[in-house]
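Note sheet for the following structure.
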Amino acid sequence: MRRAAFLDRDGVINIDAGYVWRVEDFEFVPGTLDACRELARRGWLLVVVTNQSGIGRGLYAERDFQTLTEWMRARFDECGAPLAGVYHCPHHPTEAVGELRIRCDCRKPRPGMLLAAARELSLDLASSVMFGDTCEDLEAAHSAGISQRVLLSKDGLAPLLSDCAPGLATAHFSSLREAVASAQLAPVLGEAIDA
Numbered sequence: 013m014r015r016a017a018f019l020d021r022d023g024v025i026n027i028d029a030g031y032v033w034r035v036e037d038f039e040f041v042p043g044t045l046d047a048c049r050e051l052a053r054r055g056w057l058l059v060v061v062t063n064q065s066g067i068g069r070g071l072y073a074e075r076d077f078q079t080l081t082e083w084m085r086a087r088f089d090e091c092g093a094p095l096a097g098v099y100h101c102p103h104h105p106t107e108a109v110g111e112l113r114i115r116c117d118c119r120k121p122r123p124g125m126l127l128a129a130a131r132e133l134s135l136d137l138a139s140s141v142m143f144g145d146t147c148e149d150l151e152a153a154h155s156a157g158i159s160q161r162v163l164l165s166k167d168g169l170a171p172l173l174s175d176c177a178p179g180l181a182t183a184h185f186s187s188l189r190e191a192v193a194s195a196q197l198a199p200v201l202g203e204a205i206d207a
């Protein structure tokens, strides 16, 4: 069993400009790739879990998301922080069209994407960590049994949200870069035993 650093995408990895699906609109949050390289160096598997209701709403197609994801994965590979998996939910319970208009188990705050990643990648969820910028990210992690749930500011810039519910966030930081560099998280994110 391996441990993973779960990452929300929009607002944590890239600037959340609203339904980002084209390469030309994708802008990394400053310091994110460096932070991910450091996590990978410490032995963490990097796994992206992202709600993508823009697919269900008809704003872009599944192939558009996959094209952008392939480009993003290549940027992570180039900087020495390969992604072990990218999981997405195209559904929305009320705003999607056709068969994607369902109340699913994968859309955060439900834990479906994290549980699928755990099965497919042989992950120890109790030893894993979630980095998200919304209450829904942390709720999904809590439901999946992830004990370390780090709330980040959207885009690494916006004012930090207060804790969504008492105890839901185990730590708060403005950005992934700040979280990875923090002495507060060193006992959690410190050097991997098997690195």
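With our numbering as the guide, the letters of the sequence shown map in order to residues 13 to 207.
Cβ coordinates follow ideal geometry from the N, Cα and C atoms, glycine included.
- Nearest C-alpha to glutamate 107 among Glu148, Phe143, Gly68: Gly68.
- Rounded to whole angstroms, the separation of the alpha carbons of asparagine 26 and aspartate 167 is 7 Å.
- Ranked by how close their Cα comes to the Cα of glycine 179, the residues Leu150, His103, Glu36, Val192 have Leu150 in first place.
- One Cα belongs to valine 60, the other to valine 24, and the distance between them is close to 10 Å.
- Between the stretch 111-124 and the stretch 150-160, the count of C-beta pairs closer than 8 Å reaches three or more; the two stretches touch.
- For the pair phenylalanine 185 and leucine 164, the CB atoms are nearer than the 8 Å cut-off.
- When the beta-carbon positions are compared, alanine 16 and leucine 57 come within less than 8 Å of each other.
- When the alpha-carbon of arginine 14 is set against those of Leu137, Thr79, Asp76, Thr44, the nearest one is in Leu137.
- Excluding residues up to 5 positions away in sequence, Gly70 lie with their Cβ nearer than 6 Å to the Cβ of valine 109 in the same chain.
- Counting only residues of its own chain and dropping the five nearest sequence neighbours on each side, serine 187 has a CB closer than 7 Å to the CB of Val41, Gly43, Leu164, Ser165, Gly168.
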